Amino acid sequence: MTRRIVAACCLLVLPGVLFGADGPPVEGDTVTDFELPVVEGETVKLSDLTQDGPVVVVVLRGFPGYQCPLCGVQSVQFGTNAKKFAKAGAKVVMIYPGSVDDLATKAKEFLAGRKIPEGFTLAIDPGYTMTNAWNLRWDAENETAYPSTFVIDKDMKVRWAKVSMKHGGRSKPKEVLEALESVE
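Under my numbering, the first residue of the sequence shown is numbered 39, with each subsequent residue one higher.
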C-alpha cells in the first residue's frame with residue numbers, strides 16, 4: 039500500500055520537476071514572445087512573424103556537445119515540405135539552443151551546406167533564454183532542450199504542441215501541416 043502511495047505521489051510530482059511548476063506551453067496557452075539572433079546575422083521576433091499568419095516553432099536540441107543526427111533528419115523533413123508550409127500560410131522558425139560559446143558557428147555547421155528554404159528561419163538561443171522561458175530546458179549532461187514543436191497563431195496562442203522527453207518522438211511535417219488546417 040505504501041509503495042502505491044509513493045508511486046502515485048511521484049507521478050504527480052515528476053512533471054513539475056522535469057518541466058518546472060508551469061511546464062512547457064500547451065494548447066490554449068499564450069506563449070512568451072522571443073527575439074533571437076538568426077544564423078544569417080539579423081534577429082527574428084515571434085510576435086512580428088505571427089502578424090502575417092501562423093508560425094511553427096521547432097525547438098531542436100542544438101549543440102549538446104555534438105550535432106544531433108535526429109535534429110538533422112527532422113530539419114531536412116521540414117525543409118522538404120517548405121512549399122506545403124508556405125501554402126498553409128505558415129512561417130517555420132527552428133530554434134538551435136546552446137551555451138553562448140560559438141553557438142552561431144555550431145548552427146552553421148549544423149546546416150552542413152544546406153540552404154534554408156524561403157519562409158524558414160534558423161535562430162539560435164544562446165544561453166537558453168527562449169528555452170528557459172518556455173520551460174523546455176533539458177537540464178542533464180550533454181542535453182540542451184526537449185525536442186518540441188508548436189503551432190502559434192496570430193494571438194500568440196498555442197494551437198498545437200508536441201514535446202518529446204527523449205531524443206525521438208519528434209513531430210513530423212504531416213501532423214504539423216494537419217494542425218495548421220484549423221488555424222486561421
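From the three backbone atoms N, C-alpha and C, an ideal C-beta is built for every residue, glycine too. Values in this document were obtained by computation on a predicted structure and should not be read as measured data.
Reference residue i; option with closest CA among the options
{"i": "lysine 210", "options": "Leu74, Gly100 and Ala120", "result": "Ala120"}
{"i": "leucine 141", "options": "Asp163, Val69, Phe72 and Leu108", "result": "Asp163"}
{"i": "threonine 169", "options": "Val189, Gly79 and Ser137", "result": "Ser137"}
{"i": "arginine 197", "options": "Gly117, Trp172, Leu218 and Asp71", "result": "Leu218"}
{"i": "valine 93", "options": "Val114, Asp193, Gly151 and His205", "result": "Asp193"}
{"i": "alanine 150", "options": "Asp60, Gln105 and Val64", "result": "Gln105"}
{"i": "glutamate 216", "options": "Lys122, Gly100 and Arg99", "result": "Lys122"}
{"i": "glycine 206", "options": "Gly110, Arg152 and Glu179", "result": "Gly110"}
{"i": "glycine 79", "options": "Glu179, Val64, Thr118 and Thr143", "result": "Thr143"}
Boundaries of the alpha helix (DSSP H) in which residue i is found, first to last residue
{"i": "alanine 161", "result": "No alpha helix (DSSP H) holds alanine 161; the beta strand (DSSP E) holding it covers 158-164."}
{"i": "threonine 118", "result": "107-118"}
{"i": "lysine 146", "result": "141-149"}
{"i": "valine 214", "result": "211-218"}
Which residues DSSP lists as bridging residue i, in chain order
{"i": "serine 186", "result": "Val97 and Val201"}
{"i": "arginine 152", "result": "Answer by DSSP bridge pairing: none, since arginine 152 is not bridged."}
{"i": "arginine 175", "result": "Ala183"}
{"i": "threonine 68", "result": "Lys195"}
{"i": "valine 82", "result": "Leu74"}
Segment limits, beta strand (DSSP E) that includes residue i
{"i": "lysine 129", "result": "129-136"}
{"i": "leucine 74", "result": "73-75"}
Cβ-based neighbour list, residue i, same chain, cut-off 7 Å, excluding 5 preceding and 5 following
{"i": "leucine 49", "result": "The predicted position of leucine 49 is uncertain, since its pLDDT is 41 and thus under 50; no value can be drawn from it."}
{"i": "aspartate 139", "result": "none"}
{"i": "phenylalanine 116", "result": "Val96, Val130 and Pro211"}
{"i": "tryptophan 176", "result": "Thr182, Ala183 and Tyr184"}
Proximity test, residue i beta-carbon vs the ligand NAP heavy atom, cut-off 7 Å
{"i": "lysine 122", "result": "Here there are no bound small molecules, and the ligand NAP is not part of this structure."}
Cβ neighbours of residue i in the same chain (closer than 6 Å, five flanking residues each side left out)
{"i": "glutamate 73", "result": "Thr81 and Lys83"}
{"i": "leucine 174", "result": "Pro62, Val97, Ala183, Tyr184 and Ser186"}
{"i": "glycine 127", "result": "Gly91"}
{"i": "isoleucine 154", "result": "Leu160"}
{"i": "leucine 87", "result": "Val93 and Lys129"}
{"i": "lysine 204", "result": "none"}
{"i": "glycine 100", "result": "Tyr134, Pro135, Gly136 and Thr182"}
Presumed contact (8 Å Cβ cut-off) between residue i and residue j, rounded CB distance
{"i": "valine 214", "j": "aspartate 191", "result": "Their Cβ separation, rounded to whole angstroms, is 14 Å, which puts valine 214 and aspartate 191 out of contact at 8 Å."}
{"i": "lysine 146", "j": "valine 77", "result": "6 Å"}
{"i": "valine 131", "j": "threonine 159", "result": "5 Å"}
{"i": "leucine 68", "j": "lysine 195", "result": "The displayed chain sequence assigns threonine, not leucine, to residue 68. Contact flag correct, Cβ pair sits at about 5 Å."}
{"i": "tyrosine 134", "j": "phenylalanine 148", "result": "6 Å"}
{"i": "proline 102", "j": "glutamate 156", "result": "Contact doesn't hold; Cβ gap of about 29 Å is too wide."}
Cβ shell of residue i (< 8 Å), same chain only, five flanking positions each side left out
{"i": "leucine 208", "result": "The residue you asked about is not leucine; residue 208 is arginine in the sequence shown. For arginine 208, where only same-chain residues beyond five positions count, the Cβ hits under 8 Å are Leu108, Gln112, Pro185, Thr187, Lys200 and Ser202."}
{"i": "serine 85", "result": "Asp71 and Met194"}
{"i": "threonine 118", "result": "Pro211"}
{"i": "lysine 60", "result": "The displayed chain sequence assigns aspartate, not lysine, to residue 60. Cβ neighbours of aspartate 60 beyond the five flanking positions: Asn173."}
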